[in-house]
Amino acid sequence: MRSDMLVSVLSDLSGTSADIEAAGVISTDGLMMASVLPNSMDEDRVGAMSAAMLSLGDRTAQELVRGELEQVLIKGDSGYVLMTYAGKEAVLTVMAKPNAKLGLIFLDVKRAAGSIAELL
Amino acid sequence: MSHDFDKLTHYAKSFSELTPEREALLIKVGEQIKPKLAGITEDFYQHLLTIPQASTFLGGRIESLKKTHTLWMEGLFSGPFDKTYTEHMYKVGDVHVKVNLPVEFMAGAMTLINQRLIGLIVETYGHDKEYCAQVLVAINAVTGMSLLVMQQSYQAASLAEELEKFLKISGMSRVLFTNLANAYKDK
Chain A
1 MRSDMLVSVL
11 SDLSGTSADI
21 EAAGVISTDG
31 LMMASVLPNS
41 MDEDRVGAMS
51 AAMLSLGDRT
61 AQELVRGELE
71 QVLIKGDSGY
81 VLMTYAGKEA
91 VLTVMAKPNA
101 KLGLIFLDVK
111 RAAGSIAELL
Chain B
1001 MSHDFDKLTH
1011 YAKSFSELTP
1021 EREALLIKVG
1031 EQIKPKLAGI
1041 TEDFYQHLLT
1051 IPQASTFLGG
1061 RIESLKKTHT
1071 LWMEGLFSGP
1081 FDKTYTEHMY
1091 KVGDVHVKVN
1101 LPVEFMAGAM
1111 TLINQRLIGL
1121 IVETYGHDKE
1131 YCAQVLVAIN
1141 AVTGMSLLVM
1151 QQSYQAASLA
1161 EELEKFLKIS
1171 GMSRVLFTNL
1181 ANAYKDK
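Residue numbers (our numbering), protein chains in the order written: chain A, 1 to 120; chain B, 1001 to 1187.
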């Protein structure tokens, strides 16, 4: 039930922008809770890698005195990966196209993360 | 962490060629050799004290180390060289990691011990060249087995220590690390 609601939030998020290619809600232990991923992507790997990157981002922000972590953004020549906390126990990961309008995506992801945190 | 010490014993023996015949020979000569081992230990520690890198690890506890060392050497001539022996040697390796002993110290120490044992065996059995050679081969086998087991333990303990450091630095939980590793297992 909750998983359906999470998928619904992710579907809404993906629907807000054609630039969003995939999205997932992951536990901070790296296990996928809900996802809207293309078949080519491995759910376990996306989950574990996202949680690991966010954890490392957290530590980096602390160590380099950047305050509380808001998000981790990775840019590759094939697009972006954006990770942010959705409450204290979940990670929201979004993958976007290389020419994505990041401002809008940041806003939508922030909203979605808030909704997910409430659901959890 | 649990280990299959039977398997490790077999593995270590496959390299060291510690055969049942050689084990029996070690036990047989033990009666004559064991009373002389305290002298070897004494000489061994005297030599370690001349190596600055080693002597720093000996401060204040050399007498208790000597006792432990002599007991271990007596074990080389007592047997049985089974999984209990392997487990004990594995723990010895672990202890060496905990006191931050450099990895080369184990091989270095075993070289010093073997050299002293060679002298003792030649002195004791040199009149019978064939028998003397058999005893030397048996000793080389049991010290080789011991070293191999300790190195396995050292490697595992060093990796575990490095992993702990990595988890602490990265902020990753052990569960997350396990999930990450599982996600990249061959599918």
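In this text, a Cβ means the ideal position worked out from N, Cα and C, and glycines have one as well.
Annotated as proximal: MET95 (chain A) and GLU21 (chain A), with beta-carbon spacing under 8 Å. ALA23 (chain A) places its beta carbon less than 8 Å from that of THR93 (chain A). Where ILE1062 (chain B) is concerned, the enclosing alpha helix (DSSP H) starts and stops at 1062 to 1076. Considering only B:GLN1155, B:GLU1164, B:ALA1181, B:ALA1138, the residue with the shortest C-alpha distance to PRO1020 (chain B) is B:ALA1138. Taking CB atoms only, ASP58 (chain A) has a neighbour in chain B less than 8 Å away. Looking at B:ILE1027, B:LYS1036, B:GLY1126, B:ARG1116, the one whose alpha-carbon comes closest to that of PHE1081 (chain B) is B:ILE1027.
Here DSSP, grouped into helix, strand and coil, assigns GLY1126 (chain B) to coil.
Annotation: the region 43 to 67 of chain A contains no complete segment of the beta strand (DSSP E) (minimum length 3 residues).
Per DSSP, the beta-bridge partners of THR84 (chain A) are A:LEU92.
Listed along chain A are ALA52, SER55, each with a C-beta nearer than 7 Å to that of MET1172 (chain B).
If the five residues before and after LYS1168 (chain B) are omitted, its C-beta is found closer than 8 Å to no C-beta atom of its own chain. In the structure shown, the three-state DSSP call for GLU21 (chain A) is strand. By alpha-carbon distance to ASN1114 (chain B), the top candidate from B:ASP1004, B:PHE1015, B:LYS1066, B:VAL1135 is B:VAL1135. At least 8 Å separates the CB of LEU1163 (chain B) from every CB of chain A.
Of the candidates B:TYR1090, B:LYS1007, B:ALA1012, B:ALA1012 places its Cα closest to the Cα of ASN1140 (chain B). Neighbourhood of ARG45 (chain A) in chain B, by CB distance below 9 Å: LEU1180, ALA1183, TYR1184, in chain order. For GLY30 (chain A), the residues of chain B that pass the 7 Å Cβ criterion are LEU1176, ASN1179, LEU1180, in the order they occur in the chain. Straight-line spacing of the CA atoms in ALA1181 (chain B) and LEU31 (chain A) works out to 12 Å. The Cβ neighbour count for PHE1177 (chain B), taken over all protein chains shown within 10 Å, is at least 16; the residue is labelled buried. Within chain B, the residues LEU1180, ALA1183 have their CB atoms less than 8 Å from the CB of MET49 (chain A), given in chain order.
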